[in-house]
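In the working numbering, the protein residues as written are 116 to 210. Heads up, the beta-carbon is just placed ideally off N, CA and C, and yes, glycines get one too. What follows is a short report on a single structure.
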């Protein structure tokens with residue numbers, strides 16, 4: 116059996132300071148890998164889904180986020196829940 120973490124939002128308690136978001140995500144993925152999780156997933160949306168939070172909530176772009184996280188990990192698989200193929204060129208996704 117494998118276990119993964121689905122990270123649906125970036126709305127942590129920052130008291131209106133969103134500059135800490137990436138650092139928090141980095142800490143989460145490192146902890147997830149260290150305790151044995153097999154995968155870590157982020158959203159590939161440009162705004163928050165209404166069922167999860169406000170459309171005004173901060174949200175990091177998915178592919179850039181997992182690219183940053185890939186440099187911090189060695190074992191855990193990283194990915195996006197889904198990919199918006201309408202706004203991503205196929206040649207970029209093929210990389």
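{"Query": "Span separating the alpha-carbon of residue 203 from that of residue 197", "Result": "12 angstroms"}
{"Query": "Neighbour-count burial assignment, residue 117, 16 or more Cβ in a 10 Å radius", "Result": "exposed"}
{"Query": "C-alpha gap between residue 150 and residue 195, whole angstroms", "Result": "21 angstroms"}
{"Query": "Residue range of the beta strand (DSSP E) that includes residue 157", "Result": "154 to 157"}
{"Query": "Proximity winner among 163, 167, 205, relative to residue 175 (alpha-carbon distances)", "Result": "163"}
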